[in-house]
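Read top to bottom, the protein sequences are chains A and B.
The opening position of the first sequence corresponds to residue 34 in the working numbering, with each subsequent residue numbered one higher.
The opening position of the second sequence corresponds to residue 34 in the working numbering, with each subsequent residue numbered one higher.
Glycine included, every Cβ here is placed at the ideal spot set by N, Cα and C.
Down below is the structure, laid out as structure tokens.
Protein chains: 2
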Amino acid sequence: MTTLASATELLVTVAEPTRLRILNCLAAAPLFVSDLQDVLALPQPTVSRHLTVLKKAELVRDTSVAPFVLYRLCRDPGPQGRLVKAILESLGSETEFRRERSLALERSRKRGASEVKR
Amino acid sequence: MTTLASATELLVTVAEPTRLRILNCLAAAPLFVSDLQDVLALPQPTVSRHLTVLKKAELVRDTSVAPFVLYRLCRDPGPQGRLVKAILESLGSETEFRRERSLALERSRKRGASEVKR
DNA sequence: TAGTCATATTCGCCGCGACGAATATGGCCG
DNA sequence: CGGCCATATTCGTCGCGGCGAATATGACTA
Numbered sequence: 034m035t036t037l038a039s040a041t042e043l044l045v046t047v048a049e050p051t052r053l054r055i056l057n058c059l060a061a062a063p064l065f066v067s068d069l070q071d072v073l074a075l076p077q078p079t080v081s082r083h084l085t086v087l088k089k090a091e092l093v094r095d096t097s098v099a100p101f102v103l104y105r106l107c108r109d110p111g112p113q114g115r116l117v118k119a120i121l122e123s124l125g126s127e128t129e130f131r132r133e134r135s136l137a138l139e140r141s142r143k144r145g146a147s148e149v150k151r
Numbered sequence: 034m035t036t037l038a039s040a041t042e043l044l045v046t047v048a049e050p051t052r053l054r055i056l057n058c059l060a061a062a063p064l065f066v067s068d069l070q071d072v073l074a075l076p077q078p079t080v081s082r083h084l085t086v087l088k089k090a091e092l093v094r095d096t097s098v099a100p101f102v103l104y105r106l107c108r109d110p111g112p113q114g115r116l117v118k119a120i121l122e123s124l125g126s127e128t129e130f131r132r133e134r135s136l137a138l139e140r141s142r143k144r145g146a147s148e149v150k151r
């Protein structure tokens with residue numbers, strides 16, 4: 034459900050500052066909840082709540098790995114997909130977003146290609 | 034002021050359903066407040082309030098004509114501009130947005146090229 | 001200058017959604 | 001099976017933002 038019917042819903046979902054930061058990080062690399070928690074310096078329930086919203090909106094997928102849950106962007110095509118892409122690209126012009134993105138990337142690398150499974 | 038510093042602010046501004054509808058209409062043609070009022074079937078104060086927000090965000094310009102005020106999109110370049118463009122383009126895939134857009138265009142034509150001044 | 005038309009603004013209310021704290025779930029390992 | 005780890009969920013609260021109704025502004029005309 035909630036296949037993100039309209040562009041309005043997409044925008045409302047994405048316009049939340051914290052959710053946008055999360056998406057920005059996931060655009061750099063797939064991440065665990067704990068990674069996002071650290072990179073964004075947010076309490077864990079906050080991260081989980083927003084991830085749930087993003088998942089319902091089909092902007093994000095999760096795959097459970099051990100006691101962790103790995104989140105990644107959905108690469109969905111269609112008109113919405115292009116919009117999401119445009120939004121994420123536009124974040125590249127802001128220092129703070131670039132900074133968090135590289136923190137995220139670093140995070141994902143630090144743990145090596147070991148858990149980069151399914 | 035409020036030169037719409039960040040992409041976050043832009044998204045928050047645009048994610049409001051009524052404001053998005055207004056932008057959608059203005060993407061079709063410059064319009065008077067009363068036009069928007071009719072096309073979108075909204076009370077006048079509502080339209081004015083949202084236009085004020087859009088103006089502060091520099092998404093919209095207004096030029097006073099007689100006892101009317103003509104609103105039109107800002108054609109701003111830069112990274113933000115491309116994002117706005119992408120958003121407006123994405124609306125083309127939804128029937129309701131296309132419908133209102135053509136109503137707006139029709140409106141603007143009906144009054145002829147007479148008041149299409151500055 | 002009084003009246004009128006289009007638009008702008010104020011005020012008070014209400015609802016949605018984000019948050020913090022606490023708690024629940026659920027899988028592994030000893 | 002008990003405990004622990006990462007994550008999910010609930011609950012109550014609170015603030016932001018949109019709305020309707022009423023009113024203000026401001027320009028033009030007679």
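Short CB-CB distance (under 9 Å) between residue i and chain B
i, result
"A:Ser126", "yes"
"A:Phe130", "yes"
"A:Leu44", "yes"
"A:Leu87", "no"
"A:Leu29", "Any question about residue 29 of chain A goes unanswered here, given that chain A covers just 34 to 151."
Given residue i as reference, the closest of the options once Cα atoms are compared
i, options, result
"A:Arg115", "B:Pro112, B:Gln113, B:Ala119", "B:Ala119"
"B:Leu53", "B:Leu84, B:Asp109, B:Phe101, B:Arg94", "B:Leu84"
"A:Arg108", "A:Glu42, A:Ala40, A:Leu56, A:Val45", "A:Leu56"
"A:Leu100", "A:Pro110, A:Val80, A:Ser67", "As written in the sequence, residue 100 of chain A is Pro, which differs from the Leu given in the question. Looking at the Cα atoms, A:Ser67 is the closest of the given residues."
"A:Ser39", "B:Leu136, B:Thr128, B:Ser141", "B:Thr128"
"B:Leu138", "B:Glu122, B:Leu73, B:Leu75, B:Pro63", "B:Pro63"
"A:Leu43", "A:Ser81, A:Val117, A:Gln70", "A:Val117"
"A:Leu106", "A:Thr79, A:Glu91, A:Arg132", "A:Glu91"
DSSP-derived helix/strand/coil call for residue i
i, result
"B:Arg82", "helix"
"A:Asp200", "With chain A covering 34 to 151 only, the question about residue 200 of chain A has no answer from this structure."
"B:Arg105", "strand"
"A:Leu121", "helix"
"A:Leu64", "strand"
"B:Arg142", "helix"
"B:Glu127", "coil"
"B:Ala48", "coil"
"B:Pro112", "helix"
"A:Ser39", "coil"
"B:Ala74", "coil"
Contact check, residue i vs residue j, beta carbons under 9 Å
i, j, result
"B:Val47", "A:Ala61", "no"
"A:Phe65", "A:Val102", "yes"
"A:Val93", "A:Tyr104", "yes"
"B:Pro50", "A:Thr96", "no"
"A:Leu75", "A:Glu133", "no"
"A:Pro112", "B:Gly111", "no"
Residue i CB to nearest heavy atom of the ligand SAH below 8 Å
i, result
"A:Arg140", "In the structure shown, the ligand SAH is absent, as is every other ligand, since no ligand is present at all."
Any chain A beta carbon closer than 9 Å to residue i
i, result
"B:Val47", "yes"
"B:Ala40", "yes"
"B:Leu138", "no"
Original post:
Listed from N- to C-terminal order along the chain, which residues in the segment 95 to 127 of chain A have their beta-carbon within a distance smaller than 9 Å of any beta-carbon of chain B?
Top reply: Listed by position along the chain: Gly111, Pro112, Gln113, Arg115, Leu116, Lys118, Ala119, Ile120, Glu122, Ser123, Leu124, Gly125, Ser126, Glu127.
Subject >> the segment 60 to 84 of chain A: positions lying closer than 7 Å to chain B by Cβ >> reply: Cβ contacts with chain B come from no residue of the segment 60 to 84 of chain A.
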